[in-house]
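Chain order of the listed sequences is V and W.
For the first sequence, this note's numbering assigns the number 1093 to the last residue and increments by one with no breaks.
For the second sequence, this note's numbering assigns the number 310 to the last residue and increments by one with no breaks.
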Amino acid sequence: MIRLHLTTALRNLRRSPFQALAAISVLTITFFVATILSLIIYSSNQLLNYFATRPQIIAFIKSDATEEEIKSFREKIENDKRIKNLDYVTKEEALEIYKNATSDNPLLAELVDPSIFPASLEFSVTDLEFADEIIKEVKSEKIVETVGFTASIGKEESLGGVVEKLRSITTYIRVGGVISVAVLGLTSFLVLTVVIGMRIAARKEEIEILSLLGATPGFIRLPVMIEAFSYSFLGVLVGWVAAFILILYLTPSIVNYFGDIPVVPRETGNFFALLGIILLLEMVSGFIISFVGGFLAIARAHRARR
Amino acid sequence: MVEFIKVSKSFGAIKALDDVSFKVEDGEFVFIVGPTGSGKTTLLRLLLGEFRPSSGTIMFNNQDITKIKTRDLPKLRKKIGVVFQDFKLLSERTIRENVEIPLAIHSVETNKWEERLKTVLELVGLSDRADLFPSQLSGGEIQRAAIARALIVNPDLIFADEPTGNLDWETAEGIMTIFRKINEQGKTVIISSHHKDLIAKIGKRVLTLKEGKIISDTKMTGKTRKEKQK
Chain V
788 MIRLHLTTAL
798 RNLRRSPFQA
808 LAAISVLTIT
818 FFVATILSLI
828 IYSSNQLLNY
838 FATRPQIIAF
848 IKSDATEEEI
858 KSFREKIEND
868 KRIKNLDYVT
878 KEEALEIYKN
888 ATSDNPLLAE
898 LVDPSIFPAS
908 LEFSVTDLEF
918 ADEIIKEVKS
928 EKIVETVGFT
938 ASIGKEESLG
948 GVVEKLRSIT
958 TYIRVGGVIS
968 VAVLGLTSFL
978 VLTVVIGMRI
988 AARKEEIEIL
998 SLLGATPGFI
1008 RLPVMIEAFS
1018 YSFLGVLVGW
1028 VAAFILILYL
1038 TPSIVNYFGD
1048 IPVVPRETGN
1058 FFALLGIILL
1068 LEMVSGFIIS
1078 FVGGFLAIAR
1088 AHRARR
Chain W
81 MVEFIKVSKS
91 FGAIKALDDV
101 SFKVEDGEFV
111 FIVGPTGSGK
121 TTLLRLLLGE
131 FRPSSGTIMF
141 NNQDITKIKT
151 RDLPKLRKKI
161 GVVFQDFKLL
171 SERTIRENVE
181 IPLAIHSVET
191 NKWEERLKTV
201 LELVGLSDRA
211 DLFPSQLSGG
221 EIQRAAIARA
231 LIVNPDLIFA
241 DEPTGNLDWE
251 TAEGIMTIFR
261 KINEQGKTVI
271 ISSHHKDLIA
281 KIGKRVLTLK
291 EGKIISDTKM
301 TGKTRKEKQK
């Protein structure tokens, strides 16, 4: 029986190829943009996470601080649930880091007095929103000389500014992406509904005959729904494949530009898994669009017949 | 099987059927005759539940179909094999595909389709036309294809609306022979027709409609007017 419905759906597709092409094209554009935006949203999240998990805050300890005072300060920081990735760098370790950094010019290392390198506590915060208050608290400690932070974007002068900048970029991408996909999705939905409506109008006589022969509404509806699903399936597939090719082409440049920041998955398996998940979600979205669009078009045709 | 009890149907000021009552028993062969506009097609459309009567009751297999819900109409229609006056074949489908439609509607298993198709196409003499489109067939062949579609699911009742209209005597006689064969297999057959000589020759029960009323209900002798004159 499904053969008959598939034949009917295929016949309808062939009967008006330009209507079919219009519906598939709009869906293709929608899902092409959706795939690209999904990856951009993923990458911006990765970027934010990267900065959020780096050692961002460095508290330099005064040179006259005793071991007891440093130990007590360390324990206090360690027990703070807003803080993670704590690392204590002694004066000697600081000198080693300096030596390594200037290994190509040993004279620089010899010229400095080891005592000028302060010990420091480096740590990151569980949420960047805590950063400002933690910096204030750490600054108020009597053994702390100064507090610095490593992340810096644009001309922001405080960590709060950096955080805000990152957050606003991510929010703009998310909101812009959602609005773009929503507008394109709505357009696809409307085009699909109109095309299916036209198909039903063209099949009016056939539908009447089927109804007189005892066909149930479900039987009459099925070829129309198969047709709508075909549009969505093809639209999603072509849009996704086009975006996939573009992403594959751009990935080496993206990886090169962002360096250590994993804006796209580095492992091939994870990379394909991410795009696979996007394809799956798009198929589900396409299914919903075609189901609702097809259903509405049929309901409109029913109302018109009455 | 079918009973119309005081059925009237009006379209605005026009009375298509006026207080019509008749009963058709299981396995009967009944002709409904009458001039154009006498209400023959309205009878069929009422029987299919296309519209409801203005008054009266229509019983089919002991069920009052005037009270049937819209969602239950497909169940009713599946029990009636209809040959429409305008054939109602789908022009973009082959004869095979047209005849197969009721099988799909009735959810008959696809492995049984070929056998059933072969049987009905042989009965109506269209075995060699299965893969042609309606536009490639003659009027008589299209009519026979419509009969094949009505028969393929073995319905309880066959209702043919003017199945011999515009056909020559020989072709019309061939069509009537098919209906007689079907009736001999125990099926109830109701045919609306203009072919008075043909009806007389077959010699079955005839209901005559005029201006929406039944004016006679007779059993024909089985002789044509020419034969009677001899």
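Even glycine gets a Cβ: it sits at the ideal position worked out from N, Cα and C.
Quantities reported herein were computed from a predicted structural model and do not represent experimental measurements.
>> Which residues in chain W have a C-beta closer than 8 angstroms to the C-beta of residue 997 of chain V? List them in chain order.
In response: Here residue 997 of chain V refers to the residue found at position 210 of the first sequence. Correct list: 181 and 185.
> Under 9 angstroms Cβ-Cβ, which residues of chain V neighbour residue 168 of chain W?
Replying inline: In the second sequence, the residue the question calls residue 168 of chain W occupies position 88. Listed along the chain, the chain V residues whose CB falls inside 9 angstroms of the CB of residue 168 of chain W are 992, 995, 996, 999 and 1000.
> Considering only C-alpha positions, which residue in the set W/122, W/89, W/95 and W/84 is nearest to residue 241 of chain W?
Replying inline: Position 161 of the second sequence, counting from 1, holds the residue named residue 241 of chain W. For residue 241 of chain W, the nearest C-alpha among the options comes from W/122.
> Given that residue 158 of chain W touches chain V, what residues does it touch there, using C-beta distances under 7 angstroms?
Replying inline: The sequence position of residue 158 of chain W within the second sequence is 78, counting from 1. Correct list: 1001.
>> If we require 4 or more residues per run, which alpha helix (DSSP H) segments fall completely within the segment 790 to 859 of chain V?
In response: Here the runs fully enclosed are 804 to 840.
>> Using 8 angstroms for Cβ pairs, my map puts residue 180 of chain W next to residue 197 of chain W. What's the rounded Cβ distance?
In response: Looking up residue 180 of chain W in the second sequence gives position 100. Looking up residue 197 of chain W in the second sequence gives position 117. The C-beta distance from residue 180 of chain W to residue 197 of chain W rounds to 7 angstroms, short enough to fall under 8 angstroms.
> Can you tell which of V/1065, V/954 and V/1059 has its C-alpha closest to the C-alpha of residue 833 of chain V?
Replying inline: Looking up residue 833 of chain V in the first sequence gives position 46. Looking at the Cα atoms, V/954 is the closest of the given residues.
> Quick one: what's got a C-beta closer than 6 angstroms to residue 807 of chain V's C-beta in the same chain, skipping five residues either side?
Replying inline: Counted from its first residue, the first sequence places residue 807 of chain V at position 20. Once the five neighbours on either side are set aside, the close Cβ partners of residue 807 of chain V are 800.
>> Distance cutoff 9 angstroms, beta carbons only. Does residue 826 of chain V sit that close to anything in chain W?
In response: Your numbering for residue 826 of chain V matches position 39 in the first sequence. Taking CB atoms only, residue 826 of chain V has no neighbour in chain W less than 9 angstroms away.
> Going by DSSP, what residues sit across from residue 293 of chain W in a beta bridge?
Replying inline: In the second sequence, counting from the first residue as 1, residue 293 of chain W sits at position 213. Residue 293 of chain W pairs with W/290.
> Looking at the C-beta of residue 791 of chain V, does it have a partner C-beta in chain W at a distance below 9 angstroms?
Replying inline: Reading the first sequence from its first residue, position 4 is the one you call residue 791 of chain V. So yes, residue 791 of chain V belongs to the interface.
> Is residue 917 of chain V helix, strand or coil by DSSP?
Replying inline: To locate residue 917 of chain V, count along the first sequence from 1; it is residue 130. Here residue 917 of chain V sits in helix by DSSP.
> Using a C-beta to C-beta distance shorter than 8 angstroms, which residues of chain W count as neighbours of residue 954 of chain V?
Replying inline: Position 167 of the first sequence, counted from the first residue, corresponds to residue 954 of chain V. The premise fails here: residue 954 of chain V is roughly 55 angstroms from chain W at the closest Cβ pair, so nothing lies under 8 angstroms.
> How is residue 81 of chain W classed by DSSP in three states: helix, strand or coil?
Replying inline: In the second sequence, residue 81 of chain W corresponds to position 1, counting from 1. In the structure shown, residue 81 of chain W sits in coil (DSSP, three-state: anything other than H, G, I, E or B).
>> On the CB-based measure, 16 or more other CB atoms within 10 Å of its CB, does residue 228 of chain W come out buried or exposed?
In response: For this step, residue 228 of chain W is matched to residue 148 along the second sequence. Buried, by the Cβ-count rule.
> residue 155 of chain W: beta carbon under 8 angstroms from a heavy atom of the ligand COA?
Replying inline: With respect to small molecules bound, the structure shown includes none, and the ligand COA cannot be examined in it.
> Got a sec, what are the start and stop residues for the beta strand (DSSP E) residue 1019 of chain V sits in?
Replying inline: Translated into positions along the first sequence, residue 1019 of chain V becomes position 232. Element bounds for residue 1019 of chain V: not the beta strand (DSSP E) but the alpha helix (DSSP H), 1004 to 1045.
>> To be precise: take each residue of the segment 1001 to 1029 of chain V, compare its Cβ to all Cβ atoms of chain W, and keep it if any distance is under 7 angstroms. Which residues remain?
In response: 1001, 1002, 1003 and 1006
> Considering only residues of the same chain and omitting the five flanking positions on each side of residue 906 of chain V, which have a CB-CB separation below 6 angstroms?
Replying inline: Sequence index remark: in the first sequence, residue 906 of chain V carries index 119 (1-based). Here the set comprises 848, 877 and 878.
> For the candidate residues W/175, W/275, W/277 and W/238, whose alpha-carbon lies nearest to that of residue 107 of chain W?
Replying inline: Counting from 1 along the second sequence, the entry for residue 107 of chain W is found at position 27. When each option's Cα is compared against that of residue 107 of chain W, the closest is W/238.
> What does residue 172 of chain W touch in chain V if you count any residue whose Cβ is under 9 angstroms from its own?
Replying inline: As a first step, residue 172 of chain W is located in the second sequence; it is residue number 92 there, counting from the start. Simply 798, 802 and 993.
> Can you tell me the Cα-Cα spacing of residue 1066 of chain V and residue 979 of chain V, whole angstroms?
Replying inline: In the first sequence, the residue the question calls residue 1066 of chain V occupies position 279. In the first sequence, the residue the question calls residue 979 of chain V occupies position 192. Whole-angstrom Cα-Cα distance: 20 angstroms.
>> Let me confirm a value: residue 92 of chain W is counted as buried when at least 16 other C-beta atoms fall within 10 Å, else exposed. Which label applies?
In response: In the second sequence, counting from the first residue as 1, residue 92 of chain W sits at position 12. With fewer than 16 Cβ atoms within 10 Å of its Cβ, residue 92 of chain W is classed as exposed.
>> Less than 9 angstroms between the C-beta atoms of residue 313 of chain W and residue 298 of chain W, yes or no?
In response: Beyond the ends of chain W as shown, which are 81 and 310, falls residue 313 of chain W; an answer cannot be given.
> With DSSP run on the structure shown, which of helix, strand or coil describes residue 103 of chain W?
Replying inline: In the second sequence, the residue the question calls residue 103 of chain W occupies position 23. DSSP places residue 103 of chain W in strand when its eight states are reduced to three.
> Out of V/823, V/913, V/861 and V/921, which has the shortest C-alpha to C-alpha gap to residue 837 of chain V?
Replying inline: The residue given as residue 837 of chain V occupies position 50 in the first sequence. The option with the nearest alpha carbon to residue 837 of chain V is V/913.
>> Which residues in chain V have a C-beta closer than 9 angstroms to the C-beta of residue 204 of chain W? List them in chain order.
In response: Counted from its first residue, the second sequence places residue 204 of chain W at position 124. Near residue 204 of chain W there are no residues of chain V at all, since even the closest Cβ is about 17 angstroms away, more than 9 angstroms.
> Using the C-alpha atoms, what's the distance from residue 277 of chain W back to residue 310 of chain W?
Replying inline: If you number the second sequence from 1, residue 310 of chain W lands on position 230. If you number the second sequence from 1, residue 277 of chain W lands on position 197. For residue 310 of chain W, the predicted structure reports a pLDDT of 49, less than 50, and the residue's modelled location is therefore unreliable. A value from the coordinates is still provided. Looking at the backbone, the Cα of residue 310 of chain W and that of residue 277 of chain W are separated by about 15 angstroms.
> Which one or two residues does DSSP pair with residue 933 of chain V in a beta bridge?
Replying inline: Looking up residue 933 of chain V in the first sequence gives position 146. For residue 933 of chain V, which the question treats as bridged, DSSP gives the partners V/847.
> Per DSSP, residue 875 of chain V is paired with what?
Replying inline: Looking up residue 875 of chain V in the first sequence gives position 88. BP columns for residue 875 of chain V point to V/908.
> residue 241 of chain W lies in the beta strand (DSSP E); which residues open and close that run?
Replying inline: The sequence position of residue 241 of chain W within the second sequence is 161, counting from 1. It spans 237 to 241 - the beta strand (DSSP E) in which residue 241 of chain W sits, taken as one unbroken run.
> Should residue 894 of chain V be labelled buried (16 or more other beta-carbon atoms within 10 Å of its own) or exposed?
Replying inline: Working through the first sequence from its first residue, we reach residue 894 of chain V at position 107. Classification for residue 894 of chain V: exposed.
>> Determine, for residue 126 of chain W, whether the minimum Cβ-Cβ distance to residues of chain V falls below 9 angstroms.
In response: Indexing the second sequence from 1 puts residue 126 of chain W at position 46. Not closer than 9 angstroms to any Cβ of chain V, the Cβ of residue 126 of chain W fails to qualify, so no.
> What separation, rounded to the nearest whole angstrom, lies between the Cα atoms of residue 908 of chain V and residue 845 of chain V?
Replying inline: Start at 1 with the first residue of the first sequence, and residue 908 of chain V comes out as number 121. Start at 1 with the first residue of the first sequence, and residue 845 of chain V comes out as number 58. Answer to the nearest angstrom: the Cα atoms are 6 angstroms apart.
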